[in-house]
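These notes concern the structure reproduced below.
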Amino acid sequence: MPVNYKSIWMLILISVWVSACGQQAVTKVNNKIVTEAAMDTTEIKKSDDEWRSLLSPVQFNILREKGTERPYTGEYDNFFNEGIYYCAACGSELFTSGTKYNSGCGWPAFYEPSVNKNILEKKDISHGMVRIEVMCARCGGHLGHVFNDGPKPTGLRYCINSGSLRFEPGKSKE
Ligand SMILES: [Zn+2]
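In terms of our numbering, the sequence shown opens at residue 125 and continues consecutively.
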């Protein structure tokens with residue numbers, strides 16, 4: 125039945141064309157998702173139980189309960205590989221290796237954030253001290269504190285818990 129053969133060929137051609145377009149669209153959508161995820165600063169709100177299921181006990185203590193890791197014990201304290209540091213809770217970009225320096229204080233230290241708006245700073249009067257707390261702007265996770273005894277060019281020392289960070293090797297922007 126020649127008519128049916130013709131229909132079948134038309135169907136095959138259409139399905140090849142559709143799947144080719146579909147493939148392209150998926151790639152585009154994926155690219156967009158990647159780009160949006162890197163740029164997305166939408167505030168993230170989760171319950172303690174949700175965070176607990178996503179984070180390790182150490183990460184939960186630091187990020188959600190404002191805990192502090194013991195000095196000289198954090199995985200990124202004495203660590204100077206080239207790459208980017210993201211929030212361990214929400215993946216927001218926070219610091220780059222180009223601004224990391226050895227402060228000798230026992231915690232990872234940076235002289236400036238990677239993206240200023242990704243960091244929140246708030247006065248903290250706990251433990252009988254007046255300090256400036258540093259938090260992730262996107263998820264509100266506690267990162268550490270910022271002091272004004274850092275090196276040039278900013279004079280700032282962002283003293284950050286390793287447990288609040290996730291490092292990815294790569295080319296640093298600085
Ligand atoms: Zn975060």
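C-beta: ideal position from N, C-alpha, C; glycine also.
Practice item. Going by DSSP, name the residue or residues bridged to ALA212. Key: Beta-bridge pairing links ALA212 to no other residue.
Exercise for review: Determine the closest residue to PRO232 out of ASN240, ILE243 and THR223, with distance taken between C-alpha atoms.
Suggested key: THR223
Review point. When DSSP labels each residue in this structure, what does GLU257 get in the three-state scheme?
Key: strand
**Study point:** Selected residue, minimal CA-CA separation from ALA212, among SER286, LYS295 and PRO293
**Key:** SER286
Practice item. Using three-state DSSP, classify PRO181 as helix, strand or coil. Key: helix
Check your understanding: Can you give the Cα-Cα distance for GLU257 and LEU187, rounded to whole angstroms?
Key -> 12 Å
Practice item. Answer yes or no: do PRO195 and GLY230 have a C-beta to C-beta separation smaller than 8 Å? Key: yes
Check your understanding: Of all the beta strand (DSSP E) runs that stay within the bounds of the stretch 210-291, which reach a length of 3 or more residues?
Key -> 217-220, 243-248, 255-260, 266-271 and 281-284
Check your understanding: Can the beta-carbon of SER362 be found closer than 8 Å to that of PHE204?
Key -> A question about residue 362 goes unanswered here, because the residues of the chain that appear run from 125 up to 298.
**Study point:** Assumed close pair GLU115, VAL239 - CB separation to whole angstroms, cut-off 8 Å
**Key:** The requested residue 115 is not part of the displayed model; the chain covers only 125 to 298.
Check your understanding: Less than 7 Å between the CB of SER216 and some heavy atom of ligand 1, yes or no?
Key -> yes
Review point. Which residues in the same chain have their Cβ closer than 7 Å to the Cβ of TYR200, if we skip the five residues on either side of it in sequence?
Key: PRO232, SER286, LEU289 and PHE291
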